[in-house]
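**Q** Input: one structure, supplied below.
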Amino acid sequence: MPSKDIVLFRVKSRIAWITLNRPEALNALSKEVLQQLSSMLDKAKTDATVKAVIITGAGDKAFSAGADIKYLNQATPLEVRELAQLAVTVNNKIETLGKVVVAAINGYALGGGLEMAEACMLRVAVRHARLGHPEVRIGAFAGFGGTTRLPRLIGKGRAAEYLLTGNLMSAEEAQQMGLVNRVVAADKLHQEAEALVLEILAQAPVAVSMTWEAIHRGLNLTLEESALLGADYFGLVASTEDFRAGTKSFVEKTSQVFSGK
Ligand code: HXC
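Numbering (the numbering used here), first residue to last: 12 to 272.
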């Protein structure tokens, strides 16, 4: 397969769909995949018509089975470090894109694949998906951000169990822990992921964007600072036409279409 096809990009209904496209290798993350993904994220960030991103995997078996183990097995420690640094940069890019990014998990999300999904703001998974960090089972390490993000998403104790044993979880278990937002039938994954995004895009755009930022920035602050940041952002949101119109329509019992101003 020509290398240009290993990650796909298309825009539909204001959403950029990014698809990892190495189904024969369960969408394993090679250097080339991560490099292409990185430039597609740049495209999604700078394209003003793109309001949200959905990342998924080709085929029905895997979102991504993680870092390319065939590469890891023959790489030098420095090359492994470079791959991990590239993946961490990509995951940080996903997390700080400034637009809602949803992982549509179409099967296995393991190791580096789960780390990519953990960097997304929201996760929708098919019922047959299996998620986990099996790195320790092959003598590797969750070095794409898993030891950082999983504890923040599901708590230290639960994350430690999965990271230390390498056990996998079902989509339902992941949902019970709050790691996955919605579990859906396999043939409804794209529809449900898109519906979730469109539900968000139907809300007041500045309020959504400030909420996104308050969640993201707030998690890196103390609780008190984070709550005060929320108060500041509320003040900013109150300067928008949508805030005036939205609160007025509540009072007057009318419906509101937001302008984004
Ligand atoms: C490279 C992979 C791969 C991977 C699967 N394949 N996972 N290639 N890297 N991570 C390839 C297989 O070699 C095989 O190719 C093809 O995909 C189909 O996979 P099978 O194993 O035959 O499928 P199946 O028997 O159904 O088992 C599915 C599976 C298993 C349970 C998901 O593939 C598996 O355990 N994969 C590895 C999962 C893992 O350990 N991930 C963590 C990676 S480390 P061939 O050519 O043989 O047909 C990681 C660390 C991040 O992510 C940080 C590092 C710095």
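By construction, the Cβ of each residue, glycine as well, lies at the ideal position given by its N, Cα and C atoms. Predicted, not measured: the structure shown is a model, and the values here were computed from it.
Please indicate yes or no: does the CB of F152 lie closer than 7 Å to some heavy atom of the ligand HXC?
**A** It does: the Cβ of F152 is within 7 Å (strictly closer) of some heavy atom of the ligand HXC.
**Q** Can we say the region 34-45 touches the region 60-73, given the rule of at least three CB pairs closer than 8 Å?
**A** Touching, yes, given that three or more Cβ pairs across the two stretches are closer than 8 Å.
**Q** Pairing CB atoms from the region 118-125 with CB atoms from the region 148-159, are three or more of them under 8 Å?
**A** Cβ pair count under 8 Å is three or more, so yes.
**Q** Between S220, V64, A128, K199, which lies nearest to L19 when the distance is taken from Cα to Cα?
**A** Measuring from the Cα of L19, the nearest candidate turns out to be V64.
**Q** Under 8 Å, do V113 and L142 count as touching if we go by C-beta distance?
**A** The answer is no: Cβ separation not under 8 Å.
**Q** Put A63 into one of helix, strand or coil per three-state DSSP.
**A** Strand, per DSSP.
**Q** Should G70 be listed as close to the ligand HXC, given that the test is whether its C-beta is under 7 Å from any heavy atom?
**A** Checking the Cβ of G70 against the ligand HXC gives no.
**Q** Once you ignore the five residues that flank T251 on each side, which residues in its own chain have a CB closer than 8 Å to its CB?
**A** If we look at T251 and ignore the five residues flanking it on each side, its Cβ neighbours are A215, V217, A218, K272.
**Q** Under three-state DSSP, which class holds F245?
**A** Here F245 sits in helix by DSSP.
**Q** At a cut-off of 7 Å, would you count Y119 as near the ligand HXC, judging by its Cβ distance to the nearest heavy atom?
**A** Yes; taking the cut-off as 7 Å, the Cβ of Y119 has a heavy atom of the ligand HXC nearer than that.
**Q** Is there at least one non-hydrogen atom of the ligand HXC closer than 7 Å to the beta-carbon of K81?
**A** At least one heavy atom of the ligand HXC is nearer than 7 Å to the Cβ of K81, so yes.
**Q** For the ligand HXC, I want to know if L45 counts as a neighbour, meaning its beta carbon is within less than 7 Å of at least one of the ligand's heavy atoms.
**A** Flag unset: Cβ of L45 not near the ligand HXC.
**Q** Sorted by chain position, which residues of the same chain lie with C-beta nearer than 8 Å to I17's C-beta, five sequence neighbours on each side aside?
**A** Closer than 8 Å at the Cβ level, and outside the excluded window around I17, lie L31, N32, R33, S41, E43, V44, Q47.
**Q** In three-state DSSP terms, what is M180?
**A** DSSP places M180 in strand when its eight states are reduced to three.
**Q** What residue from A196, L200, K199, H139 has the CA that sits closest to L179's CA?
**A** Checked all of A196, L200, K199, H139; the closest Cα to L179 is H139.
**Q** For the ligand HXC, I want to know if P145 counts as a neighbour, meaning its beta carbon is within less than 7 Å of at least one of the ligand's heavy atoms.
**A** Yes, the ligand HXC has a heavy atom inside 7 Å of this Cβ.
**Q** Scan the region 20-56 and note each continuous beta strand (DSSP E) run of 3 residues or more that stays entirely inside, going in chain order.
**A** Segments of the beta strand (DSSP E) lying fully in the region 20-56: 26-31.
**Q** I'd like the list of long-range same chain contacts for V101, defined as Cβ closer than 6 Å, with 5 residues on each side in sequence excluded.
**A** Taken in chain order, the residues that qualify are L45, L48, S49.
**Q** Spatial neighbours of R169 within its chain, please: CB distance less than 8 Å, with the 5 preceding and 5 following residues excluded, ordered by chain position.
**A** Only M188 meet the Cβ criterion.
**Q** CA-CA distance, A196 and V208?
**A** Straight-line Cα distance between these residues: approximately 17 Å.
**Q** Roughly how many whole angstroms lie between the Cα atoms of N192 and A130?
**A** Approximately 14 Å between the Cα atoms of the pair.
**Q** Per DSSP, G143 is paired with what?
**A** Bridge partners of G143: L121, L179.
**Q** Where does V268 sit, in a helix, a strand or coil, going by DSSP?
**A** V268 falls in the coil class under three-state DSSP.
**Q** Rounded to a whole number of angstroms, what is the C-alpha to C-alpha distance between T60 and Q202?
**A** Taking the straight line joining both Cα atoms gives about 20 Å.
**Q** Residues in its own chain within less than 8 Å of V22 by CB, not counting five upstream and five downstream?
**A** Only W28, D58, T60, V61 meet the Cβ criterion.
**Q** Which stretch, first to last residue, makes up the alpha helix (DSSP H) that contains A95?
**A** Taken as a continuous stretch (DSSP letters only), the alpha helix (DSSP H) holding A95 covers 88-106.
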